[in-house]
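This report refers to the structure that appears directly beneath it.
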Amino acid sequence: MDIFLQQLINGLVVGSIYALIALGYTMVYGIMQLINFAHGEIVMIGAMVTITCINLLIGAGVNLPGPLLLLAGLLMAIPVSMLLGYTIERVAYRPLRRAPRLAPLITAIGVSIVLQQAAMLIWGRNYRPFPQILPTTVHDFFGAAITDLQIAIVILSLVLMGGLFWLIERTKLGRAMRATAQNPDVAGLMGVNINTVISMTFIIGSSLGAVAGVMVAANYDQAHAYMGFMIGLKAFTAAVLGGIGNIGGAVVGGLLLGIIESLGSGYLGDLTGGFLGSHYKDIFAFVVLIGVLVFRPSGLLGERVAERA
Amino acid sequence: MNPLLDIKDLKVAYGGIHAVKGIDLNINKGELVALIGANGAGKSTTLKTLVGMVKPAGGEILFDGKPTARLAPYDYVGKGLVLVPEGRGIFGRLTVEENLQMGAYVRNDKADIANDIDRVFSLFPRLKERRSQLAGTLSGGEQQMVAIGRAMMSRPKLLLLDEPSMGLAPIIVQKIFEIIRMIAAEGVTMLLVEQNAKLALQTADRGYVMESGRITLADSAANLLANEKIQQAYLGE
Chain A
1 MDIFLQQLIN GLVVGSIYAL IALGYTMVYG IMQLINFAHG EIVMIGAMVT
51 ITCINLLIGA GVNLPGPLLL LAGLLMAIPV SMLLGYTIER VAYRPLRRAP
101 RLAPLITAIG VSIVLQQAAM LIWGRNYRPF PQILPTTVHD FFGAAITDLQ
151 IAIVILSLVL MGGLFWLIER TKLGRAMRAT AQNPDVAGLM GVNINTVISM
201 TFIIGSSLGA VAGVMVAANY DQAHAYMGFM IGLKAFTAAV LGGIGNIGGA
251 VVGGLLLGII ESLGSGYLGD LTGGFLGSHY KDIFAFVVLI GVLVFRPSGL
301 LGERVAERA
Chain B
1 MNPLLDIKDL KVAYGGIHAV KGIDLNINKG ELVALIGANG AGKSTTLKTL
51 VGMVKPAGGE ILFDGKPTAR LAPYDYVGKG LVLVPEGRGI FGRLTVEENL
101 QMGAYVRNDK ADIANDIDRV FSLFPRLKER RSQLAGTLSG GEQQMVAIGR
151 AMMSRPKLLL LDEPSMGLAP IIVQKIFEII RMIAAEGVTM LLVEQNAKLA
201 LQTADRGYVM ESGRITLADS AANLLANEKI QQAYLGE
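Take a look at the structure:
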């Protein structure tokens with residue numbers, strides 16, 4: 001029983017992170033039908049910038065409590081990621097706005113590789129440990145262990161998702177984003193500057209990605225230049241599982257994928273009689289991806305409301 | 001007095017095809033002008049050019065005495081030029097009310113916007129009942145009302161209507177034209193592109209006839225309705 005609960009908690013934590021990243025994929029897809037494969041690298045750079053920033057502060061002898069150091073790191077990483085997301089769209093995708101869909105897709109993969117290599121030049125090819133600045137108190141939760149960090153990850157994710165929903169459903173910018181996603185030409189007729197809306201989409205998605213990157217690094221105590229690839233693929237899977245282009249779907253898909261992966265890896269050893277261990281956990285994301293693409297390509301929440309009568 | 005809209009020798013080409021081959025057209029403040037013609041005559045292209053969706057290849061468009069050539073596509077609505085596009089172009093996954101709010105996107109006067117939404121609802125009581133319904137779930141006629149109401153929300157100086165009767169049942173078409181007359185009676189200047197030439201000319205003050213990219217006739221709507229050639233070619237009589 002407590003293994004089940006433990007894996008459920010772990011899955012929820014990882015799932016909230018997937019959900020935050022999946023939102024970035026799904027928002028961009030919703031508005032311009034592009035899979036921004038460079039999004040995983042934004043996540044990685046968010047983590048790297050935060051680690052560097054915290055180490056610099058510690059090196060300079062700044063004596064702040066751990067969470068405040070982390071906050072300082074985040075406040076550095078978020079603008080860097082926003083600027084990076086904005087620049088990628090401006091430089092790599094905007095010139096291809098009217099091109100066949102394959103061209104921006106290949107470009108996205110190219111941008112992803114460029115960012116990976118650039119990160120390797122800056123931060124090296126080795127794992128970067130996450131500074132030991134956070135309290136490691138473990139709470140007992142009905143026989144399962146949960147740390148302060150895990151609680152913070154889940155709460156912060158929920159707050160950010162709530163904020164995003166509010167932005168999209170209740171503000172003028174959000175309305176313009178939804179209108180642009182449905183019909184960019186008519187949104188333009190109504191006075192919406194589509195370029196601004198697309199830039200904002202990248203900026204918002206990138207800031208969520210940066211926060212998620214820091215969560216990943218803190219949760220696994222490390223970061224490296226290639227981490228964006230796998231986490232990006234998984235978050236993309238989560239977005240597809242929920243129904244790509246659907247904001248609620250990204251959240252549901254992220255949480256579900258985290259839980260499936262966590263429970264699956266927890267029991268994989270027992271199920272296969274020890275033949276496959278929990279280090280095969282990455283299998284689950286891709287089994288899910290293939291399953292969704294075969295049986296329900298539109299995703300769980302991907303049903304479309306009639307647009308024309 | 002200068003006309004509100006003054007088109008001089010407008011030419012439009014898409015990838016080598018000359019859709020509009022040098023037309024002159026003008027609209028005075030308060031007029032309802034119909035642009036009629038067969039499929040592919042260049043009517044819709046003309047409207048799209050007026051709101052910057054298509055760039056002209058030559059000629060000049062003066063709106064309120066000023067050239068529009070340098071405006072970005074999203075600047076037109078702020079100048080008072082708004083198009084109700086062919087096929088309605090509503091935002092299907094936004095509610096009726098959100099669609100109307102999109103029409104007022106360039107305005108910032110919250111109280112006035114709320115008043116104008118009420119005004120649209122008084123014009124279209126059907127929409128009031130459905131204000132929080134997704135616009136994509138409405139019938140074609142109701143969607144056309146959303147599209148017209150949305151355009152009204154920008155307080156246009158010139159309202160451009162592209163085939164408002166398209167795909168609608170005859171009884172709904174009558175209803176839509178009733179609304180067009182009501183809007184005209186409020187003093188809104190309109191340019192109406194229609195394949196239903198008879199209804200358009202019965203509604204309009206003046207009309208232009210367009211044939212393969214050229215204006216071939218321009219006259220009062222009453223004279224065009226009485227014109228034998230027009231009757232044979234467009235009115236099915």
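Those protein sequences? They're chains A and B, same order as listed.
With the UniProt record's numbering, letter number 118 in the first sequence gets 118, and the count goes up by one each step, no holes.
With the UniProt record's numbering, letter number 44 in the second sequence gets 44, and the count goes up by one each step, no holes.
Each residue gets a CB set at the ideal place from its N, CA and C atoms; glycine is no exception.
Asked	Found
Distance between L293/A and A238/A (C-alpha atoms, nearest Å)	12 Å
Test item: CB-CB of A179/A and I21/A under 8 Å	no
Best match in N246/A, G264/A, G291/A and D185/A for proximity to S278/A [C-alpha to C-alpha]	G264/A
Residues of the segment 166–182 of chain A whose Cβ lies closer than 9 Å to any Cβ of chain B, in chain order	K172, R175, A176, R178, A179, A181 and Q182
Segments assigned alpha helix (DSSP H), at least 4 residues, entirely inside the segment 239–306 of chain A	247–271 and 282–295
Chain B within 8 Å of N246/A, Cβ atoms only	no
Beta-carbon proximity check, L34/A vs P95/A, cutoff 8 Å	no
L158/B Cβ short of 7 Å to the ligand COA heavy atom set	In the structure shown, the ligand COA is absent, as is every other ligand, since no ligand is present at all.
Status (buried if at least 16 other CB within 10 Å, exposed otherwise) for I36/B	buried
Candidates G299/A, L23/A and Q116/A, of which the one nearest S157/A by Cα	L23/A
CB-CB length for G213/B against V20/B, believed under 8 Å	5 Å
Member of D140/A, A72/A, G40/A and L160/A whose CA lies at the smallest distance from the CA of L84/A	G40/A
Stretch pair the segment 142–161 of chain B + the segment 104–114 of chain B: three plus CB contacts closer than 8 Å	yes
Check whether D162/B and L81/B have beta carbons under 8 Å apart	no
8 Å Cβ shell around L168/B - same chain, five flanking residues per side excluded	G140, G141, Q144 and I176
Residues of the segment 42–63 of chain B whose Cβ lies closer than 9 Å to any Cβ of chain A, in chain order	V51, G52 and M53
Buried/exposed call for W123/A, threshold 16 Cβ in 10 Å	buried
At least 3 beta-carbon pairs within less than 8 Å: the segment 42–49 of chain A vs the segment 207–221 of chain A	yes
Range covered by the alpha helix (DSSP H) that runs through Y29/A	D2 to M32
Environment of I90/B [buried if 16+ CB atoms lie within 10 Å]	buried
Within chain B, partners of D185/A - CB distance below 7 Å	M53
Neighbour list for Q101/B in chain A, Cβ cutoff strictly below 9 Å	K172 and R175
Alpha-carbon spacing of Y226/A relative to G248/A, whole angstroms	28 Å
Pairwise C-alpha distance: G22/B and V172/B	A small fix is needed here, since residue 172/B is Ile in this sequence, not Val. If I take the Cα positions, the gap works out to 35 Å.
DSSP-derived helix/strand/coil call for V51/B	coil
Short CB-CB distance (under 8 Å) between V28/A and chain B	no
C-beta neighbour in chain A for G80/B, strict 8 Å	no
Identity of the residues DSSP links to G207/B by a beta bridge	A34/B and D219/B
Within-8 Å CB hit, V77/B to chain A	yes
Beta carbon proximity, G213/B to chain A, threshold 8 Å	no
Contacts of V106/B in chain A (Cβ-Cβ under 7 Å)	G191
Residues near I194/A by beta carbon distance below 8 Å, same chain, minus five either side	T180, P184, A187 and G188
Among I231/A, G274/A, G269/A and F275/A, nearest to G254/A - alpha-carbon criterion	I231/A
Chain A contact residues for P73/B, given Cβ-Cβ distances below 7 Å	G188
Cα-Cα separation, L100/B to R175/A	11 Å
Close beta carbons around V28/A, own chain, < 7 Å, minus the five adjacent residues each side	L34, N36, T201, F202 and G205
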